[in-house]
Amino acid sequence: MNQSPNQRIAALLAAHTPADPKEAVDMQIIAQMLDDTPNLMSRAYPPGHVTGSALVLDAGTGRFLLHYHKKLDRWLQFGGHADADEDDPAQTALREAREESGLPDLRWLSNAPLDIDVHLIPARGEQPAHLHLDFRYGLLTSSPHALQVSADESASFAWLTLDELTTKHITIDPALDRLIRKALRLFRENT
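Just so you know, we're using our numbering here: the sequence shown kicks off at 1170 and counts up by one.
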């Protein structure tokens, strides 16, 4: 039986255990918004919509990849909006990571979301401020040297360890830190 996008989102929420109070509140926000629109994956819903993103890890070293997002002016994992034919944030996360990184061999660290985060996207041009209801995944690559970051989206990129975030003075938000720690923990458990 095929699930609607909202049924799929509800199932993902039901299967996910929040790591902290912020993530628990974010999951409640998404659950409440499911009743307000037939397709929370669609950008047509003005208050906010589901996005998919992924943290890419080098399968050989465990280093993770961040890019400096031009429009948002900060370090992030790869991700973005669902295409019209996508009804699962995992599809969106994988497609966006492939498009934005150029890495040819991306595969799942876990095809269940590692993290769920709600964050405000500021108004830009005709687009009002809105929420991104971000389902965050982990991906692996065995070809980190094949990186071809999209110049449209990224000003820079870096393969990093947790220690290098500090030594290279790279600032990230607490939700990204939470995602990185979850992904690294799962990576260590599986290697």
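Glycine included, each C-beta is placed from N, C-alpha and C at the ideal position. Since the model is a prediction, treat every value here as computed from it, not as a measurement.
heavy atom of the ligand MG below 7 Å from residue i C-beta
i	result
Leu1234	The model on display carries no ligand, and the ligand MG is accordingly not part of it.
C-alpha gap between residue i and residue j, whole angstroms
i	j	result
Ser1279	Ser1222	13 Å
Asp1205	Asp1274	38 Å
Leu1309	Asp1284	16 Å
Ile1198	Arg1267	29 Å
Ala1228	Ser1311	5 Å
Leu1261	Thr1335	Looking at the sequence shown, residue 1261 is not Leu but Thr. Cα to Cα, the separation comes out at about 30 Å.
Leu1211	Leu1345	Residue identity differs from the one stated: residue 1211 is Ser in this sequence, not Leu. Answer to the nearest angstrom: the Cα atoms are 24 Å apart.
Ile1290	Ile1341	16 Å
Ser1173	His1338	43 Å
Status (buried if at least 16 other CB within 10 Å, exposed otherwise) for residue i
i	result
His1314	exposed
Arg1305	buried
Pro1258	buried
Glu1322	buried
Val1225	buried
Asn1175	buried
Whole-Å CB distance - residue i paired with residue j, under 8 Å assumed
i	j	result
Leu1182	Ala1200	6 Å
Backbone secondary structure at residue i - three-state DSSP
i	result
Ala1184	helix
Arg1212	coil
Arg1232	coil
Pro1313	helix
**Prompt:** Would you say the region 1214-1230 touches the region 1289-1307, given that touching needs at least three Cβ pairs under 8 Å?
**Reply:** yes
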